[in-house]
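S.K.: Structure in C-alpha cells, see below.
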Amino acid sequence: MSQSDGAQDGPRGLGGWLILPAIGLVLSPLRMGFQFFTDLWPVFDSEIWRQLNDASRPGHRPMLPTLIMGETVANVVMFAFTLVLIWFFFRKSRYAPRLFIVWLALLLVVQVVDTALISSLGIRVDGESMRDVVRSLVAAAIWIPYFLVSKRVKNTFVEPRHDVARHF
9 MSQSDGAQDG PRGLGGWLIL PAIGLVLSPL RMGFQFFTDL WPVFDSEIWR
59 QLNDASRPGH RPMLPTLIMG ETVANVVMFA FTLVLIWFFF RKSRYAPRLF
109 IVWLALLLVV QVVDTALISS LGIRVDGESM RDVVRSLVAA AIWIPYFLVS
159 KRVKNTFVEP RHDVARHF
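Residue numbers for the sequence shown follow the working numbering, beginning at 9 and rising by one.
Next up, the structure:
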C-alpha cells in the first residue's frame, strides 16, 4: 500500500503486539463455546430446569431461571459478535479497531452485570467468575488504550472495501 492510500510510516500488519489480541480473538469462540456447553447447557436438562422452577423447593430463587435465560442470550450474542469481529479483524477492516474496543467493553460489562445479579440473588460468586471479571478488566485496560494509540493498529486496519453494506 502506498502513502497515497492513507497508510502512515511505521509498523503495519498483524504482527508485533497486535498478534496477542489476534490470538485471543481466535481462541475466544472456542472458550465461549466450551463454557457454554459445560456450564449453561446442562442446566437446561429437563429435570434440572424443573427443579430450578419448583417454588416448593427450599431455597427457591424465582429469578434464577430468568437470569440463566439472560446469560444464555448474552452468551449467544457475544459469540456471534466475536465471529463478526474476527471476520472484520482478519480482513483488516477500518471498523475492526472500534469493534474490538466495543467487544472488550461489552465482555467486561456483561461479566460484571452477571456477577452482580448472581450475587444479588444470594448466590455465592465462585472464583472462576471473579477470575473472568478480572481477566476482562485487565484485557480492557491493556488493549483499549493500545487500539486507540498504536501506529500499527492505525496502519493495519485501513481497508475500506470491507464495508458492512457490501457484504449483506
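Idealized CB from N, CA, C, for every residue including glycine.
For clarity, every value in this text was computed on a predicted model and none was experimentally measured.
(1) Nearest by alpha-carbon distance to L116: which of K100, L93, R102, V146 is it?
(2) If I measure Cβ to Cβ from W25 and keep anything under 8 Å in the same chain, skipping five residues before and after, which residues do I get?
(3) Would you identify the three-state DSSP class for S101, choosing helix, strand or coil?
(4) Is it the case that the CB of T46 approaches a heavy atom of the ligand ATP more closely than 7 Å?
(5) For T80, which residues from the same chain have a beta carbon less than 7 Å from its beta carbon, with the 5 sequence-adjacent residues on both sides left out?
(6) How would you call L107, buried or exposed, if buried means at least 16 neighbouring beta carbons within 10 angstroms?
(7) In chain order, what residues of the same chain have a beta carbon less than 8 Å from the beta carbon of M40, not counting five sequence neighbours either side?
(8) Give the straight-line distance between the Cα atoms of H170 and S101, rounded to the nearest whole angstrom.
(9) Would you identify the three-state DSSP class for D17, choosing helix, strand or coil?
(10) Comparing the C-beta of K100 with each C-beta of chain C, is any distance below 8 Å?
(11) Note down, in chain order, each residue of its chain lying with its Cβ closer than 6 Å to the Cβ of S128, except the 5 sequence neighbours on either side.
(12) Does the beta-carbon of A104 have 16 or more other beta-carbons within 10 angstroms, so that it is buried, or is it exposed?
(13) Which term fits T164, buried or exposed, when burial requires 16 or more other beta carbons within 10 angstroms of its beta carbon?
(14) In terms of residues, what are the limits of the alpha helix (DSSP H) holding S54?
M.R.: According to the structure data:
(1) Walking along the sequence shown from the start, residue 116 turns up at place 108. Out of K100, L93, R102, V146, V146 has the C-alpha closest to the C-alpha of L116.
(2) The residue you call residue 25 lines up with position 17 of the sequence shown. Hits under 8 Å: Y154, S158, R160.
(3) For this step, residue 101 is matched to residue 93 along the sequence shown. DSSP places S101 in strand when its eight states are reduced to three.
(4) In terms of ligand content, the structure shown is empty, and the ligand ATP therefore cannot be addressed.
(5) By 1-based counting over the sequence shown, the position of residue 80 is 72. Once the five neighbours on either side are set aside, the close Cβ partners of T80 are L48.
(6) On the sequence shown, residue 107 is found 99 positions in, with the first residue counted as 1. Buried, because 16 or more other Cβ atoms sit within 10 Å of the Cβ of L107.
(7) The residue you call residue 40 lines up with position 32 of the sequence shown. If we look at M40 and ignore the five residues flanking it on each side, its Cβ neighbours are N83, M86, F87, T90.
(8) Reading the sequence shown from its first residue, position 162 is the one you call residue 170. Reading the sequence shown from its first residue, position 93 is the one you call residue 101. Because H170 carries a pLDDT of 49, less than 50, the predicted location of this residue cannot be relied on, and no value is offered for it.
(9) In the sequence shown, counting from the first residue as 1, residue 17 sits at position 9. In the structure shown, D17 adopts coil according to DSSP, grouped into three states.
(10) Among the chains of the structure shown, chain C does not appear; only one protein chain is present.
(11) The count along the sequence shown starts at 1 and reaches residue 128 at position 120. Hits under 6 Å: none found.
(12) The sequence position of residue 104 within the sequence shown is 96, counting from 1. Burial state of A104 is buried, judged by a 10 Å Cβ sphere holding 16 or more other Cβ atoms.
(13) Your numbering for residue 164 matches position 156 in the sequence shown. With 16 or more Cβ atoms within 10 Å of its Cβ, T164 is classed as buried.
(14) For the purposes of this step, residue 54 is taken as the residue at position 46 of the sequence shown. Per DSSP, the continuous alpha helix (DSSP H) segment holding S54 begins and ends at 54-60.
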